[in-house]
Amino acid sequence: FELDAALVQDVPHPEPHTPISYEFFNENLLQNPNLLPDGFFVALHNGRYVGMSNLWRSQASADLYTGLTGVCREYRRQGIALALKLRAITYAKARGTQIIKTSNESNNRPMLSINEQLGFVKQPIWISFLNVLREERE
76 FELDAALVQD VPHPEPHTPI SYEFFNENLL QNPNLLPDGF FVALHNGRYV
126 GMSNLWRSQA SADLYTGLTG VCREYRRQGI ALALKLRAIT YAKARGTQII
176 KTSNESNNRP MLSINEQLGF VKQPIWISFL NVLREERE
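Taking this note's numbering, I'd label the letters of the sequence shown as residues 76 to 213.
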């Protein structure tokens with residue numbers, strides 16, 4: 076839980092990050108029937124969790140999806156995220172999976188680079204819009 080909470084803070088988002096409770100994390104991640112427990116990979120250094128990547132089932136097809144892949148700030152740029160994602164791909168291949176999908180925040184250049192290096196191909200996208208409605212003053 077602590078690792079996920081630390082990593083999520085660094086994922087670029089248009090809105091400020093809102094921390095979640097352990098209960099929410101447990102119910103929506105760990106207990107989610109689409110999460111593959113044996114497809115949940117962590118990197119350790121001296122007994123400390125420093126990175127993670129996980130795989131999820133699709134309800135609509137045999138495809139798998141990668142969830143959050145991230146590494147603690149002080150361990151970045153050492154190939155850990157790449158190794159975790161490679162481990163996930165190896166796991167998926169061993170399961171006979173034909174397609175793995177992932178998503179990426181468009182300004183997260185380090186993760187875009189890893190995904191491109193691993194053969195992920197950009198797909199057509201939808202652009203989200205935000206309109207902050209304000210009360211008109213008379």
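Here a beta-carbon is modelled for each residue, glycine too, at the ideal position from N, C-alpha and C.
| Beta-carbon proximity list for isoleucine 175, same chain, < 6 Å, skipping 5 on both sides | Leu139 and Ala167
| said: Between the alpha carbons of phenylalanine 76 and isoleucine 200, how many angstroms are there, rounded? | reply: A straight line joining the alpha-carbon of phenylalanine 76 with that of isoleucine 200 spans about 30 Å.
Could you pull the start and end residues of the beta strand (DSSP E) that leucine 130 belongs to?
123-132
Pairwise C-alpha distance: proline 185 and glutamate 154:
It should be pointed out that residue 154 corresponds to glycine in this sequence rather than to glutamate. In a straight line, the C-alpha of glycine 154 is about 11 Å away from that of proline 185.
Worksheet item: Does the separation of the CB atoms of glycine 126 and valine 146 fall below 7 Å?
Response: yes
On the DSSP bridge assignment, give the partners of alanine 118 in chain order. Gly126
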